[in-house]
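Trainee:
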Amino acid sequence: MAGVNKVILVGHLGADPELKYGSSGAAFCNFTLATSESWVKDGNKEERTEWHRVTAFGKLAEICGKWLQKGKQIYCEGKIQNRSWEQDGVKKYTAEIIMNQMQMLGSKSDSQQSDQSKQDGYAPRQGTIGDLKDEPAPYGRPNDDGFDGPGLPF
51 MAGVNKVILV GHLGADPELK YGSSGAAFCN FTLATSESWV KDGNKEERTE WHRVTAFGKL
111 AEICGKWLQK GKQIYCEGKI QNRSWEQDGV KKYTAEIIMN QMQMLGSKSD SQQSDQSKQD
171 GYAPRQGTIG DLKDEPAPYG RPNDDGFDGP GLPF
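Residues in the sequence shown are numbered from 51 upward in steps of one, following this note's numbering.
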């Protein structure tokens with residue numbers, strides 16, 4: 051029996067996404083997503099924020115790079131992928147979310163369009179951007195996915 055590796059997050063972008071293209075020309079986009087929870091302990095409100103590294107590929111990456119920005123709230127689905135690499139003789143590790151679905155949240159007035167997108171007449175697409183079946187995501191083990199760098203696209 052196969053396992054299940056599925057992540058669902060709702061949070062706010064911690065910075066503008068970084069859209070890049072690998073040596074094969076495939077698009078990938080990286081950003082951080084903050085999820086927060088709060089509770090009351092001994093009459094005091096406490097809060098904890100978790101930061102998640104998120105990566106999207108292909109058309110979804112291009113959409114993220116064009117329409118998402120720091121502070122924007124999104125819903126995303128994907129899977130957890132752990133990676134390791136060596137940098138300056140030190141083994142480094144990270145966990146990232148490989149996103150395959152995304153939905154922009156918030157009211158229409160919350161959507162801030164870039165000056166260029168306003169000039170082009172585009173409006174952010176509201177709704178789910180699901181698995182792009184015609185374009186498989188080019189992720190895999192470090193250094194076999196066609197991306198530059200130490201096996202990590204960020």
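For each residue, glycine too, the CB sits at the ideal point set by N, CA and C. These figures come from a predicted structure and were not determined experimentally.
(1) What span of residues does the alpha helix (DSSP H) with residue 61 cover, start to end?
(2) Assuming the contact rule is C-beta atoms closer than 8 angstroms, residue 130 and residue 55 should be a hit. Round their C-beta distance to whole Å, please.
(3) Just to confirm the assignment, what range does the beta strand (DSSP E) spanning residue 109 have?
(4) I'd like to confirm the pairing. Which residues does DSSP put opposite residue 90 in its beta bridges?
(5) Secondary structure at residue 120, three-state DSSP: helix, strand or coil?
(6) Based on DSSP bridge pairs, tell me the residues matched to residue 155.
(7) Could you tell me which of 95, 61, 107 sits nearest to residue 82, measuring between CA atoms?
(8) What's the C-alpha gap between residue 119 and residue 105?
(9) Is it right to say residue 75 is buried, meaning 16 or more other beta carbons lie within 10 angstroms of its own, or is it exposed?
(10) Could you check what DSSP says for residue 76 in three-state terms: helix, strand or coil?
(11) According to DSSP, simplified to helix, strand and coil, what is residue 54?
(12) For residue 67, which option in 91, 138, 155, 113 has the closest C-alpha, if you only look at C-alpha atoms?
(13) Taking 7 angstroms as the limit between beta carbons, can you name the residues of its chain near residue 52, skipping five residues before and five after?
Mentor: Taking the coordinates as given:
(1) Translated into positions along the sequence shown, residue 61 becomes position 11. Note, residue 61: premise wrong, no alpha helix (DSSP H); beta strand (DSSP E) at 57-63.
(2) Numbered from its first residue, the sequence shown carries residue 130 at position 80. Numbered from its first residue, the sequence shown carries residue 55 at position 5. Yes, they are in contact, since the Cβ atoms of residue 130 and residue 55 sit about 6 angstroms apart, within 8 angstroms.
(3) Stepping through the sequence shown from its first residue, residue 109 is reached at position 59. Element bounds for residue 109: not the beta strand (DSSP E) but the alpha helix (DSSP H), 108-117.
(4) Counting from 1 along the sequence shown, the entry for residue 90 is found at position 40. Partner(s): 95.
(5) Translated into positions along the sequence shown, residue 120 becomes position 70. Reduced to three states, the DSSP call for residue 120 is coil.
(6) By one-based count along the sequence shown, residue 155 stands at place 105. Residue 155 is not bridged to any residue.
(7) By 1-based counting over the sequence shown, the position of residue 82 is 32. With distances taken between Cα atoms, residue 82 lies closest to 61.
(8) Within the sequence shown, residue 119 is the residue found at index 69, counting from 1. Within the sequence shown, residue 105 is the residue found at index 55, counting from 1. The alpha-carbon atoms of residue 119 and residue 105 are separated by roughly 14 angstroms.
(9) Reading the sequence shown from its first residue, position 25 is the one you call residue 75. So residue 75 ends up on the exposed side.
(10) Locating residue 76 in the sequence shown gives position 26, where the first residue counts as 1. Looking at residue 76 - three-state DSSP - the assignment turns out to be coil, as it is neither helix nor strand.
(11) Taking the first residue of the sequence shown as position 1, residue 54 is located at position 4. Residue 54 falls in the coil class under three-state DSSP.
(12) Here residue 67 corresponds to residue number 17 of the sequence shown, with the count starting at 1. If we check each option's Cα against that of residue 67, 113 comes out closest.
(13) To locate residue 52, count along the sequence shown from 1; it is residue 2. Closer than 7 angstroms at the Cβ level, and outside the excluded window around residue 52, lies no residue.
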